[in-house]
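In terms of numbering that gives the first Met the number 0, the sequence shown has 115 at position 116, counting the first letter as 1, and numbering is strictly consecutive.
For every residue, glycine included, the Cβ atom is placed at its ideal position computed from N, Cα and C.
Working notes, structure below.
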Amino acid sequence: MADEHAHGDGLAAQASADPGEVVAMYDAWAPTRYDADLAEWGYDAPVRAAAVLAALVLDGPVLDAGCGTGLVGAELRERGVAPLLGGDFSPVAVDAARSRGAYDDVVELDLNAPLPFPDGRFRAAVSVGVFSYLTDSEATIRELLRVVTAGGPIVFTQRTDLWDERDFGGLLERLADEDVCDVSYSEPQPYLPRHPEFGGEIGIRYATLIRC
Numbered sequence: 000m001a002d003e004h005a006h007g008d009g010l011a012a013q014a015s016a017d018p019g020e021v022v023a024m025y026d027a028w029a030p031t032r033y034d035a036d037l038a039e040w041g042y043d044a045p046v047r048a049a050a051v052l053a054a055l056v057l058d059g060p061v062l063d064a065g066c067g068t069g070l071v072g073a074e075l076r077e078r079g080v081a082p083l084l085g086g087d088f089s090p091v092a093v094d095a096a097r098s099r100g101a102y103d104d105v106v107e108l109d110l111n112a113p114l115p116f117p118d119g120r121f122r123a124a125v126s127v128g129v130f131s132y133l134t135d136s137e138a139t140i141r142e143l144l145r146v147v148t149a150g151g152p153i154v155f156t157q158r159t160d161l162w163d164e165r166d167f168g169g170l171l172e173r174l175a176d177e178d179v180c181d182v183s184y185s186e187p188q189p190y191l192p193r194h195p196e197f198g199g200e201i202g203i204r205y206a207t208l209i210r211c
């Protein structure tokens with residue numbers, strides 16, 4: 000069993016990994032046990048985030064930034080949200096997301112760099128399970144706000160330990176004070192309740208930004 004889950008072991012520590020190491024981990028994990036491992040660990044963030052976004056907007060285009068194997072896209076498509084563009088920095092995950100068939104297109108996308116889209120390109124954006132690995136969360140959030148049209152929502156998640164460590168509350172308060180966006184976020188919710196490292200110790204918050 001340990002060998003089967005090798006790519007998911009030490010997952011909590013990957014938050015401080017070099018981006019290249021994270022890509023290598025997901026390239027190896029995505030085509031093997033990624034979806035099965037997340038299901039086994041009780042991961043329901045794609046369902047919850049898709050429900051939040053679908054309650055705010057159904058007409059796209061919507062960007063799934065850091066789409067992984069396409070779990071969020073499948074949930075959005077099931078709720079009638081379209082069209083959808085997925086993007087991920089793992090080439091293997093991109094292939095897996097394309098194979099899932101939920102997206103109108105899937106591209107390689109590095110969220111540590113400026114996004115290759117014009118201002119206001121998308122009606123909304125979603126980013127689930129991604130901010131743990133980003134080197135500059137504020138820069139990424141500002142880029143997502145830039146590429147979403149005025150009044151459009153951005154829904155993203157962050158682990159509770161990293162929310163506090165990286166002062167996401169303070170970051171979102173600054174953005175709200177600048178009148179860049181309206182901000183709301185959930186109380187801590189279960190993240191990977193059956194994961195050996197996370198369990199009940201590390202939860203997740205769901206943040207919703209509405210671009211001003």
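Pick from the options that is closest to residue i, judged by C-alpha positions
i: residue 36; options: 23, 191, 63, 152; result: 191
i: residue 199; options: 140, 206, 189; result: 189
i: residue 123; options: 153, 202, 46; result: 153
i: residue 27; options: 92, 193, 71, 50; result: 92
i: residue 144; options: 126, 49, 85; result: 126
i: residue 33; options: 47, 95, 75; result: 95
i: residue 150; options: 165, 50, 180; result: 180
i: residue 146; options: 182, 79, 61; result: 61
i: residue 48; options: 72, 164, 174; result: 72
i: residue 142; options: 113, 183, 158; result: 113
i: residue 104; options: 131, 130, 118, 76; result: 76
DSSP state of residue i mapped onto helix, strand, coil
i: residue 59; result: strand
i: residue 78; result: coil
i: residue 156; result: strand
i: residue 64; result: strand
i: residue 147; result: strand
i: residue 33; result: helix
i: residue 170; result: helix
i: residue 210; result: strand
i: residue 181; result: strand
i: residue 193; result: coil
i: residue 47; result: helix
Cα-Cα separation between residue i and residue j, rounded to whole angstroms
i: residue 99; j: residue 161; result: 30 Å
i: residue 41; j: residue 204; result: 16 Å
i: residue 214; j: residue 106; result: The chain is shown from 0 up to 211; residue 214 falls before or after that span and cannot be answered.
i: residue 128; j: residue 116; result: 22 Å
i: residue 68; j: residue 81; result: 18 Å
i: residue 97; j: residue 108; result: 14 Å
i: residue 57; j: residue 110; result: 24 Å
i: residue 59; j: residue 83; result: 7 Å
i: residue 209; j: residue 193; result: 32 Å
i: residue 102; j: residue 86; result: 10 Å
i: residue 70; j: residue 202; result: 19 Å
Status (buried if at least 16 other CB within 10 Å, exposed otherwise) for residue i
i: residue 136; result: buried
i: residue 134; result: exposed
i: residue 20; result: exposed
i: residue 211; result: exposed
i: residue 0; result: With a pLDDT of 28 at residue 0, under the threshold of 50, the predicted position of this residue should be treated as unreliable, though the coordinate-derived value follows. When all chains shown are included, residue 0 counts as exposed.
i: residue 148; result: exposed
i: residue 63; result: buried
i: residue 172; result: exposed
i: residue 195; result: exposed
i: residue 186; result: exposed
i: residue 44; result: buried
i: residue 54; result: exposed
i: residue 206; result: buried
Distance cut-off 8 Å: residue i Cβ against heavy atoms of the ligand ATP
i: residue 117; result: Annotation note on the ligand ATP: not contained in the displayed structure, which lists no ligands.
Any C-beta of chain D under 9 Å from that of residue i
i: residue 103; result: Of the protein chains in the structure, only one exists, and it is not chain D.
ask   = Which runs of the alpha helix (DSSP H) fall wholly inside the region 69-145 and span at least 4 residues, in chain order?
value = For secondary structure counted as the alpha helix (DSSP H) over 4 or more consecutive residues, the region 69-145 holds these complete runs in sequence order: 70-77, 90-99.
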